[in-house]
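Counting the sequence shown from 1 gives a position; my numbering is that position plus 77.
In what follows, a structure is listed as structure tokens, so that the remarks can point back to it.
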Amino acid sequence: MILAKSTLESPRVNKAKIHYENLSLSSACESVLEIRNAGNIYIDEHAPWSLFKQGGSSYETASKDLVLILEAMRIIAVALSPVAPILCWKIYAQLGFSKDEFEATTWRDTRWGGLKAGSVIAEPKPVFARIESRKDGEEGIVEATEKMSKAKKKNRSQGLVQS
Numbered sequence: 078m079i080l081a082k083s084t085l086e087s088p089r090v091n092k093a094k095i096h097y098e099n100l101s102l103s104s105a106c107e108s109v110l111e112i113r114n115a116g117n118i119y120i121d122e123h124a125p126w127s128l129f130k131q132g133g134s135s136y137e138t139a140s141k142d143l144v145l146i147l148e149a150m151r152i153i154a155v156a157l158s159p160v161a162p163i164l165c166w167k168i169y170a171q172l173g174f175s176k177d178e179f180e181a182t183t184w185r186d187t188r189w190g191g192l193k194a195g196s197v198i199a200e201p202k203p204v205f206a207r208i209e210s211r212k213d214g215e216e217g218i219v220e221a222t223e224k225m226s227k228a229k230k231k232n233r234s235q236g237l238v239q240s
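Have a look at this one:
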């Protein structure tokens with residue numbers, strides 16, 4: 078799947094809307110995340126960071142690539158906001174929108190062209206905390222579970238948590 082304006086205005090967004098209307102939240106999210114997957118592939122294939130270094134017309138191409146990715150992120154933030162409002166607000170804010178603008182979004186805001194022309198975007202910050210693991214990922218999960226279990230036992234012994 079190629080990421081383009083047509084991808085963002087594609088049936089995926091409309092499919093998500095239908096799933097939301099039918100209260101099929103998981104399917105709605107899957108439809109929206111197909112756009113994210115296309116964005117990941119697009120950015121890996123086009124590598125705008127290396128185009129910026131080349132300068133000249135490559136700089137213009139890289140700029141267009143980034144606008145496309147940012148527009149995809151904006152559409153994803155609007156489309157996932159019914160199920161992940163805090164996460165989507167963080168994304169929307171990083172795109173230069175105010176809280177009032179985010180709260181006023183409707184499904185119409187999933188259409189192409191919602192980015193503010195000429196807006197300056199601050200340095201991005203991760204919206205998810207990075208989870209580190211030692212080897213294959215299982216140790217990190219086990220370690221986190223053990224820490225939670227110890228904290229729960231400690232709180233229980235102090236009368237903070239009831240069994």
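Positions of the beta carbon are idealized from the N, C-alpha and C atoms, including for glycine.
Determine the extent of the alpha helix (DSSP H) in which residue 93 is found, giving its start and end residues.
Here residue 93 refers to the residue found at position 16 of the sequence shown. Start and end: 88-98.
Touching by the beta-carbon criterion (3+ pairs, under 8 Å), the stretch 143-153 and the stretch 107-117
yes
With 16 other CB atoms within 10 Å as the buried threshold, where does residue 206 fall?
In the sequence shown, the residue the question calls residue 206 occupies position 129. With fewer than 16 Cβ atoms within 10 Å of its Cβ, residue 206 is classed as exposed.
Local conformation of residue 189 per DSSP, three classes
In the sequence shown, the residue the question calls residue 189 occupies position 112. Coil at residue 189, not helix or strand.
Can the beta-carbon of residue 89 be found closer than 7 Å to that of residue 111?
By one-based count along the sequence shown, residue 89 stands at place 12. By one-based count along the sequence shown, residue 111 stands at place 34. Taking 7 Å as the Cβ cut-off, residue 89 and residue 111 qualify as a contacting pair.
Report the option in 173, 126 and 157 whose CA atom is closest to the CA atom of residue 199.
What you label residue 199 is simply residue 122 of the sequence shown in a count that begins at 1. Checking every option, the nearest Cα to that of residue 199 belongs to 173.
For residue 161, three-class secondary structure by DSSP
The residue you call residue 161 lines up with position 84 of the sequence shown. In this structure, residue 161 counts as coil in the three-state DSSP scheme.
Under 7 Å between C-beta atoms of residue 169 and residue 181:
Against the sequence shown, residue 169 aligns to sequence position 92. Against the sequence shown, residue 181 aligns to sequence position 104. Cβ atoms of residue 169 and residue 181: not closer than 7 Å.
Is residue 142 buried or exposed, if buried means 16 or more other CB atoms sit within 10 Å of its CB?
In the sequence shown, residue 142 corresponds to position 65, counting from 1. Looking at its Cβ environment, which holds 16 or more other Cβ atoms inside 10 Å, residue 142 is buried.
To the nearest angstrom, how far is it from the Cα of residue 193 to the Cα of residue 225?
As a working note, residue 193 is residue 116 in the sequence shown. As a working note, residue 225 is residue 148 in the sequence shown. Approximately 43 Å between the Cα atoms of the pair.
Exposure of residue 128, with buried meaning 16 or more beta-carbon neighbours within 10 Å:
Position 51 of the sequence shown holds residue 128. That one is buried.
Residue burial classification, residue 109 (beta-carbon count within 10 angstroms, cutoff 16)
Against the sequence shown, residue 109 aligns to sequence position 32. Answer is buried; the Cβ neighbour count reaches 16.
Helix, strand or coil for residue 195? Go by DSSP, reduced to three states.
Sequence index remark: in the sequence shown, residue 195 carries index 118 (1-based). In this structure, residue 195 counts as coil in the three-state DSSP scheme.
Starting from the Cα of residue 125, find the closest Cα among 134, 140 and 105 and give me that residue.
Taking the first residue of the sequence shown as 1, we reach residue 125 at position 48. Considering only alpha carbons, the answer is 140.
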